[in-house]
Amino acid sequence: MSSVGEKRKTKPVQLSMRLQALADMVTPGNRVADVGCDHGFLSIYLVQQGIAHGVIAGDVRPGPLSAAKAHVAEHELEAYIETRLSDGLSKYRPGEADTLICAGMGGPLMQRILTEHEEVTATFKELILQPQSELEQFRVFLREQGFFIAEENILCEDGKYYFLFRVTPGNEKKEVLDEAYQRLCDKYGEQLLAKRHPVLKEYLERGLSGSLAVREQLLAHRGEAGSNVRLEQSLEENTKEIGDLQTALAMFNEEV
465 MSSVGEKRKT
475 KPVQLSMRLQ
485 ALADMVTPGN
495 RVADVGCDHG
505 FLSIYLVQQG
515 IAHGVIAGDV
525 RPGPLSAAKA
535 HVAEHELEAY
545 IETRLSDGLS
555 KYRPGEADTL
565 ICAGMGGPLM
575 QRILTEHEEV
585 TATFKELILQ
595 PQSELEQFRV
605 FLREQGFFIA
615 EENILCEDGK
625 YYFLFRVTPG
635 NEKKEVLDEA
645 YQRLCDKYGE
655 QLLAKRHPVL
665 KEYLERGLSG
675 SLAVREQLLA
685 HRGEAGSNVR
695 LEQSLEENTK
705 EIGDLQTALA
715 MFNEEV
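Just so we're aligned, residue 465 is where the sequence shown starts under the numbering used here, counting upward by one.
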């Protein structure tokens, strides 16, 4: 196998903004487990650019995995990329890879993948994660599992926002000091808030606009149909959401 860092001279693949951001988080020289590899373009890019020493690309779906295998062959990278039909980490062995990439799936599914085969998860030096849903719950999960969020990013592509994490294993739960501030960090990302990330500001502004519109609808419905328990609960949750968004946005006006 060629030395680490050497680019493979095959037809280059072009990544989406989201996949490029994931690739940029990978530590050069690592062997990568790409779980949920879809058509394999991220795996191919990592090898082509000399970022990954090699990749084990897995997917639970035979169709996409077959496409990934064909793309690997098309780029003549079979010596560097192995494809596996695998439900999460079920077909991976401890120590086979340094970096885990798990992206483009719901937060609860990603939690299941990380906990179902803990003997494998525990051997990764870093995890590059991009959950599609339940972000607050997912950040709480990472903290309670002892993971440290070393890097966090947010981007907007085709009108959709994506949150990306590079986490490293830990052995101690991070102490929660302020409940209100911790909730904001769990919802929107501590690093992104601290950096006053401009894309996060857009995300918050869009969220606030949507939440205010929902509030108007709820109040109008209460005026027409009268109050009921479910409606009042929805209003209470909406008020809390608006408050969190406004508090987070106010942080952008504070000095860094």
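No residue lacks a Cβ here, since even glycine has one placed at the ideal position from N, Cα and C.
Residue i burial status per 10 Å Cβ neighbour count (16 or more: buried)
i: L483; result: buried
i: A658; result: exposed
i: L683; result: exposed
i: F588; result: buried
i: P595; result: buried
i: T579; result: exposed
i: D650; result: buried
i: N692; result: exposed
i: S466; result: Note on S466: pLDDT 41, under 50, position unreliable in the model; no value is reported.
i: D523; result: buried
i: F612; result: exposed
i: G653; result: buried
i: S673; result: exposed
i: G571; result: buried
i: E687; result: Checking the displayed sequence, the identity of residue 687 turns out to be Gly instead of Glu. Exposed: under 16 other Cβ atoms inside 10 Å.
i: G527; result: exposed
i: E718; result: exposed
i: R525; result: exposed
i: K533; result: buried
i: M489; result: buried
i: G623; result: exposed
DSSP bridge partner residues for residue i (one or two, in chain order)
i: P492; result: P492 is not bridged to any residue.
i: C620; result: Y625
i: R548; result: G522
i: F612; result: T632
i: V499; result: G522, C566
i: A516; result: N494
i: L591; result: L564, V631
Chain B contact for residue i (CB, 7 Å cutoff)
i: G522; result: Checking the listed chains, one finds no chain B in this structure; it contains a single protein chain.
Chain-order list of residues whose beta-carbon lies under 8 Å from that of residue i (same chain, five-residue window excluded)
i: H721; result: With the chain represented from 465 up to 720, any question about residue 721 goes unanswered, as that position is not in the structure.
i: R678; result: Position check: residue 678 holds Val in this sequence, whereas Arg was assumed. Result list for V678: N702, in chain order.
i: A487; result: L479, L506, Y509, L510, Q513, I515
i: E583; result: P558
i: C566; result: V499, G500, M574, I577, L578, L591, I592, L593, Q594
Among the options, the one whose alpha carbon lies nearest that of residue i
i: G634; options: E654, Q609, E666; result: Q609
i: M569; options: L529, R548, E598; result: E598
i: G518; options: I508, G527, V524; result: I508
i: A644; options: L709, C620, H535; result: L709
i: E705; options: E583, R647, G527; result: R647
i: R603; options: G671, F627, L699, L553; result: F627
i: H503; options: A543, A537, V490; result: A537
i: I520; options: E546, L529, A531, S530; result: E546
i: Y625; options: H581, R607, R670, D642; result: R670
i: G552; options: M481, T491, H581, H535; result: H581
6 Å Cβ shell around residue i - same chain, five flanking residues per side excluded
i: Q655; result: E616
i: Q575; result: F605
i: L591; result: L564, V631
i: F629; result: L593, I613, E616
i: L479; result: Y509
i: L668; result: L709, A712, L713
i: K555; result: R548
i: F716; result: R660, K665
i: Y544; result: V511, G518
Residues near residue i in its chain [Cβ-Cβ closer than 7 Å; skip 5 each side]
i: H661; result: I618
i: C620; result: V663, E666
i: E600; result: D650, K651
message: Check whether the region 486-499 and the region 558-569 touch, using three or more Cβ-Cβ pairs below 8 Å as the test.
response: Segments in contact, yes.
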